[in-house]
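A.B. asks:
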Amino acid sequence: MQKDSQEINKGLVELLGAIPKEFVHSITPDHGTEFLHLDEISERLGVTVYWPDPYSPEQRGTNENTNGLIREYFPKRTDIDNYTEQDVEHCQKQLNQRPRKVLNYETPYEVFFDKPLHLV
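Following this line, the structure appears as structure tokens:
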């Protein structure tokens with residue numbers, strides 16, 4: 024699947040536009056060409072874009088950590104077209120219910136919806 028800046032912008036507007044503004048403060052992309060026009064997204068959605076220095080993954084810590092978690096389900100260089108929407112939703116559900124140190128060991132689900140998960 025080829026990454027295209029127009030497709031990325033469209034997807035981000037769709038995704039981030041559906042989330043309450045108090046949850047989306049900034050976007051910190053890498054320097055891929057698919058992110059060339061993020062300033063348009065910044066203006067449209069009213070979020071700040073932080074451009075990290077090239078080859079500085081430590082400036083995108085949460086992003087790099089999340090990429091590692093996603094790789095548990097979709098190994099690097101895997102063709103995402105070989106997976107179903109259900110596979111992606113399963114990964115999404117698992118990661119949103121996984122406690123994170125950065126969230127004081129709450130899950131993204133608990134923080135976003137302000138509801139504790141009750142594990143049996």
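Numbering follows the working numbering, in which position 96 of the sequence shown is assigned residue number 119; successive positions increment by one, without gaps. By construction, the Cβ of each residue, glycine as well, lies at the ideal position given by its N, Cα and C atoms.
From Leu140 to Lys124, what distance separates their C-alpha atoms?
C.D. replies: One-based indexing of the sequence shown puts residue 140 at position 117. One-based indexing of the sequence shown puts residue 124 at position 101. Rounded to the nearest angstrom, the two C-alpha atoms are 16 Å apart.
A.B. asks: For Pro92, which residues in the same chain have their Cβ closer than 8 Å to its Cβ, ignoring the five residues on either side in sequence?
C.D. replies: Residue 92 sits at position 69 when you count from the first residue of the sequence shown. One detail in the question is off: residue 92 reads as Leu in this sequence, not Pro. For Leu92, where only same-chain residues beyond five positions count, the Cβ hits under 8 Å are Leu118 and Arg121.
A.B. asks: What three-state label does DSSP hand Ile50 in the structure shown?
C.D. replies: The residue given as residue 50 occupies position 27 in the sequence shown. It is a strand residue.
A.B. asks: Going by other Cβ atoms of all chains shown within 10 Å of its Cβ, with 16 needed for buried, is Leu126 buried or exposed?
C.D. replies: Within the sequence shown, the letter at position 103 stands for residue 126. Exposed, by the Cβ-count rule.
A.B. asks: Pull up the distance between the alpha-carbon of Lys33 and that of Tyr128, whole angstroms please.
C.D. replies: The residue labelled residue 33 in the question sits at position 10 within the sequence shown. The residue labelled residue 128 in the question sits at position 105 within the sequence shown. Using only the alpha carbons, I get a separation of about 33 Å.
A.B. asks: Between the beta-carbon of Asp27 and the beta-carbon of Glu57, is there less than 8 Å?
C.D. replies: Residue numbering aside, residue 27 sits at position 4 when the sequence shown is read from its first letter. Residue numbering aside, residue 57 sits at position 34 when the sequence shown is read from its first letter. Yes, the Cβ-Cβ distance between Asp27 and Glu57 is below 8 Å.
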